[in-house]
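Worksheet: the structure to be examined is printed underneath.
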Amino acid sequence: MAATDRLSAEQLFHDTQALERARDLGREPKRLRFADADYLDHETWIRPAFAQLGKLTGLDVLDYGCGHGMAAVVMARSGARVTAFDLSRGYLEEADRRARANQVRIKLVQADGERLPFASASFDRIWGNAILH
Numbered sequence: 375m376a377a378t379d380r381l382s383a384e385q386l387f388h389d390t391q392a393l394e395r396a397r398d399l400g401r402e403p404k405r406l407r408f409a410d411a412d413y414l415d416h417e418t419w420i421r422p423a424f425a426q427l428g429k430l431t432g433l434d435v436l437d438y439g440c441g442h443g444m445a446a447v448v449m450a451r452s453g454a455r456v457t458a459f460d461l462s463r464g465y466l467e468e469a470d471r472r473a474r475a476n477q478v479r480i481k482l483v484q485a486d487g488e489r490l491p492f493a494s495a496s497f498d499r500i501w502g503n504a505i506l507h
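Residue numbering for the sequence shown follows my numbering, starting at 375 and increasing by one per position.
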């Protein structure tokens, strides 16, 4: 499969998933707001992995493949300047709604992980979760 075909198929898959999530969130918009522990403790390995990022206050952090944006929100609440990217426009829209509902600023960028639109050494930390497919 050519790289462009693979990326198109992946984008379609994730946009479809995001559309289904948007329907669910439309019925329950309160689910956009959450406590940090809701993200950090939903799987046993996330909190220890997140701790490896260290203190984030004042740092430029990239959320690599941000999906629905929960990690980006947690990092922004921790005082980081967060840039988050995803291939899926649908997930970026959800991440934007989630950031606004949680009253944090996140710079959102649509991009694929093979051709990042960021200059080298732009970030102090990089977080990625569920990005290998």
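For every residue, glycine included, the Cβ atom is placed at its ideal position computed from N, Cα and C.
Looking at the DSSP output, I480 shares a beta bridge with V456.
When secondary structure is reduced to three states using DSSP, L466 falls in the helix class. Among the bridge pairs identified by DSSP, Y413 is matched with none.
With a beta-carbon spacing of about 6 Å, D460 and G441 fall inside the 8 Å limit used to define contacts. Assigned with DSSP and collapsed to three states, R499 falls in strand. Unbroken alpha helix (DSSP H) stretches of 4 residues or longer found wholly inside the segment 413-439: 420-425, given in chain order. For A504, the secondary structure class from DSSP, reduced to helix, strand or coil, is coil.
Two segments are said to touch when three or more pairs of C-beta atoms, one from each, lie closer than 8 Å; by this definition the segment 483-498 touches the segment 450-467. Residue burial is scored here from C-beta neighbours: R472 has at least 16 other C-beta atoms within 10 angstroms and is therefore classed as buried. When Cβ pairs closer than 8 Å are counted between the two stretches, the segment 490-497 is seen not to touch the segment 410-429, the count staying below three.
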